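K.L.:
Have a look at the structure that comes next, please.
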Amino acid sequence: MKKIEWENPKKKGEAYTHLMKVFKVSRPTVSLAMSFKRNSLEAARMRHVALTQLGAKLLSDEEKGPQTVRILNAKGETVKAVVMEEM
48 MKKIEWENPK KKGEAYTHLM KVFKVSRPTV SLAMSFKRNS LEAARMRHVA
98 LTQLGAKLLS DEEKGPQTVR ILNAKGETVK AVVMEEM
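Going letter by letter, the sequence shown gives residues 48 to 134 in our numbering.
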């Protein structure tokens, strides 16, 4: 799950207020954009401003582990399964 967060709750409140004024949206709209529950162009712009100008950090708990790749023959049958480690 991705989320944009600030270290200090006071800075978060100030940033939300700034984003509300700049983009002329409500507080819930900013919150949904920061939690990646809205993926519109405006939400992407809000996230960009938060990360580049307002001192926010992107939090992500998505860890990619080893991935299994199947090697198929001409008939589409699995010949071999190879585990690919991420570099």
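For every residue, glycine included, the Cβ atom is placed at its ideal position computed from N, Cα and C.
Given the structure is predicted, the values throughout are model-derived calculations rather than measurements.
(1) In whole angstroms, what is the alpha-carbon distance linking residue 88 and residue 102?
(2) Note down the Cα distance separating residue 99 from residue 105, rounded to an integer number of angstroms.
(3) Report buried or exposed for residue 119, applying the criterion of at least 16 other Cβ atoms within 10 angstroms of its Cβ.
(4) Taking the alpha helix (DSSP H) that residue 58 falls in, what are its first and last residues?
(5) In terms of residues, what are the limits of the alpha helix (DSSP H) holding residue 92?
(6) By the three-class DSSP mapping on this structure, what secondary structure does residue 73 have?
(7) Assign residue 128 to one of three DSSP states: helix, strand, or coil.
(8) Which stretch, first to last residue, makes up the beta strand (DSSP E) that contains residue 104?
P.N.:
For this structure:
(1) Taking the straight line joining both Cα atoms gives about 21 Å.
(2) Between residue 99 and residue 105, the C-alpha separation is close to 11 Å.
(3) By the neighbour-count criterion, in which 16 or more other beta carbons inside 10 Å mark a residue as buried, residue 119 falls on the exposed side.
(4) For residue 58, the enclosing alpha helix (DSSP H) has its first and last residue at 56 to 70.
(5) 88 to 99 is the span of the alpha helix (DSSP H), which, as asked, contains residue 92.
(6) Secondary structure of residue 73 (DSSP, three-state): coil.
(7) Residue 128: strand per DSSP, three-state reduction.
(8) That run of the beta strand (DSSP E) goes 104 to 107.
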